[in-house]
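What the sequence shown shows, in my numbering, is residues 1167 to 1561, in sequence order. We treat Cβ as the ideally placed atom computed from N, Cα and C, and that holds for glycine.
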Amino acid sequence: MSLRWLTLPRLLAAFIIILTGAAFQKYMMGSINNYLMFSKPFHNLLLDKSIYGLHPDLYADNYKYSPTFAWLMGPFYYMPIGLGVFFWNLINSVVLAAGIWYFLEGEENAARKRWMALLIIFPEALVTAQNMQSNNLIIGAMLLGLYHLRNERVWLAAFFFVLCGFVKFYGITAALFFVFYPKKPQFLLAMTVWTVLFALAPATIIPLSSLGSEYVEWFKVVMVSTLGRLVSVMGILEVWFGMAKTDANLRMVEAVGIVLFLLPFLRVNLWKDLLFQRRMIAYFLLFIIIFNKMAESPTYVLAVTGVAIWWLTLESPTRFDWALLLTVIIFTSLSPTDIFPRFIRDGFFVPYRIKAVGCMLVWARLQWELWTQEAPDQIKMTSSSTSAPISRLMS
C-alpha cells in the first residue's frame, strides 16, 4: 500500500485532529482531574483565596503551577467543561505542531524532517493529550521561542520563554540559548519586561499583597521534592542500584546533571555552528526530563522531542543510532500502551523505570557527539592539509 497520499499537510492536520480529540474518552468517563486542576484555581483567585493546598471541592491533587497560569486559564473557567477540554487540547496541539514546523524552517529537506519529527513525537504527544497535560504547550512554546531567537526576533522569543516559565518553572531555562545569538542586551531587556508583565497580570483581580503571598507558596511547591515515582536518572539509581530517595541525594544527582549539561558550553568556538546548536538543544530537552525529580510519563514528550532533533542532525545514522531510536520508540513511547500486556507494563516497565532508559542512552550519545565534534578551524585545517598534496600532484 502506497503512503504517497500521506502528504505533510495531511499528516500535520491528522496530528492536530487526533491530539485534540485524544481526551474525549477520558472526558466521557469523567477522568478530567488534570483539566479541572488547570481551570478551577481561577475560582480561588476571584475570591482572593490561596490557589495552593488541597481544594477537594474543585479538584483532586495539589496545584503546582504559577498564579499567572491560573489567571491565564480564566477563560476556561467560564466554559462548559466539554468545550473547555476541546479548546485546551486544541491549543496545546496547535502550539506543538507550530513549534515543530517553524523550528525546522530553513532546514535542508525541511519537509522530510518535519514529517519524521511529527512521527517520532506523536506517541508521546498523544499520551500528554490523553491526560490533558500542558507539556505539548510547553515544548511547542519552547521551539517557537528558539525559532524566533534564531531569527533575532527577541521580543517574541522572550514572550514564549516567559510563558513557558509561568506554566512550568523549568520551561524558562530554554532562554539560556540566547548566548548563541546576537542582540543579547535587547533579549535580556525583553525577558525582564515580559517577566514583570506576566508576574503582575493576576494583580488585575487580586491585591498585590495576596499575589506576593501566592508567589511565595508557588516557590515552596517548586522546591519541594516529589514523593511519587521518579521516571528519571534518580529513579534508575533508586531501583537498580539502591540509592536512598532522600532530598539530598536527589539534589546531588540534579547538580551532576546541571554540570554535565553546562560543560559543553565551554566550547565557545562552536557557539555559532548550527549543528552544535541543534545538538545542544536536543541535549537540553533530554536533560530537563531525565534529571528532573518531578519527571513523569506525560513529560516525556519534551525528551522525545530532543530525541527527534538529535535524529535529524544525523546525516548518515549508524546501526547503533538506529538501535537507539528504536529503543526510544519501543521502550519510551510505546511501553505505556496496550501493545504490551499489562503484566509486563506493571511488573517490569513501570517499577524498573524502563521508560527513562532509551532517553538516557541518547543523552549519553549526544554527550559524546558534543565533545567530539570538530571546531570550524579544525575542519579547515583538515581540509587544507588533505587538499595540499592533491594540489601538488595537479601542478
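| Asked | Found |
| --- | --- |
| Residue 1462 versus residue 1294 - alpha carbon distance | 10 Å |
| Enclosing alpha helix (DSSP H) for residue 1209 [first to last residue] | 1207–1212 |
| In DSSP terms, what residue 1225 is bridged to | 1221 |
| Chain-order list of residues whose beta-carbon lies under 6 Å from that of residue 1554 (same chain, five-residue window excluded) | In this prediction, residue 1554 has a pLDDT of 40, which is less than 50 and means its spatial position is unreliable; what the coordinates show is noted afterwards. The answer is none, since no qualifying residue turns up. |
| Best match in 1508, 1521 and 1464 for proximity to residue 1492 [C-alpha to C-alpha] | 1521 |
| With 16 other Cβ atoms within 10 Å as the buried cut-off, status of residue 1244 | exposed |
| Residue 1413, enclosing alpha helix (DSSP H) - first and last residue | 1413–1428 |
| Whole-angstrom C-beta distance between residue 1233 and residue 1257, which should lie under 8 Å | Contact doesn't hold; Cβ gap of about 20 Å is too wide. |
| Residue range of the alpha helix (DSSP H) that includes residue 1396 | Per DSSP, residue 1396 belongs to no alpha helix (DSSP H) and is neither H nor E. |
| Collapsed DSSP secondary structure at residue 1257 in the structure displayed | helix |
| Stretch-stretch touch, CB-based, cutoff 8 Å, three pairs: the stretch 1342–1352 with the stretch 1438–1454 | yes |
| Cα-Cα separation between residue 1308 and residue 1337, rounded to whole angstroms | 7 Å |
| Three-state secondary structure (DSSP) of residue 1332 | helix |
| Residue interval of the alpha helix (DSSP H) (run including residue 1372) | Run containing residue 1372: none; DSSP gives neither H nor E here. |
| Residue 1212 vs residue 1424 beta-carbon contact at 8 Å | no |
| Endpoints, the alpha helix (DSSP H) within which residue 1454 is located | 1440–1456 |
| Stretch pair the stretch 1283–1293 + the stretch 1482–1502: three plus CB contacts closer than 8 Å | yes |
| Contact under 8 Å by Cβ, residue 1405 with residue 1519 | yes |
| Which of helix, strand or coil DSSP assigns to residue 1505 | coil |
| Exposure label - residue 1318; buried when at least 16 CB within 10 Å | exposed |
| Three-state class that DSSP yields for residue 1347 in the structure shown | coil |
| Contact with chain B by residue 1464, beta-carbon distance below 8 Å | The chain inventory of the structure shown lacks chain B, comprising one protein chain alone. |
| Between the CA atoms of residue 1537 and residue 1363 - distance to the nearest angstrom | 39 Å |
| Other residues of its chain near residue 1452: CB distance less than 6 Å, five sequence neighbours each side excluded | 1469, 1472, 1525 and 1529 |
| Exposed unless 16 or more other CB atoms sit within 10 angstroms - verdict on residue 1489 | exposed |
| Delimiting residues of the alpha helix (DSSP H) encompassing residue 1567 | Nothing in the structure corresponds to residue 1567, since the chain is present only between 1167 and 1561. |
| Where residue 1234 falls: helix, strand or coil (DSSP) | helix |
| Rounded separation between residue 1483 and residue 1527 - CA only | 15 Å |
| Exposed unless 16 or more other CB atoms sit within 10 angstroms - verdict on residue 1428 | exposed |
| Cβ pair residue 1280, residue 1267 closer than 8 Å | yes |
| Boundaries (first-last residue) of the alpha helix (DSSP H) holding residue 1191 | 1190–1195 |
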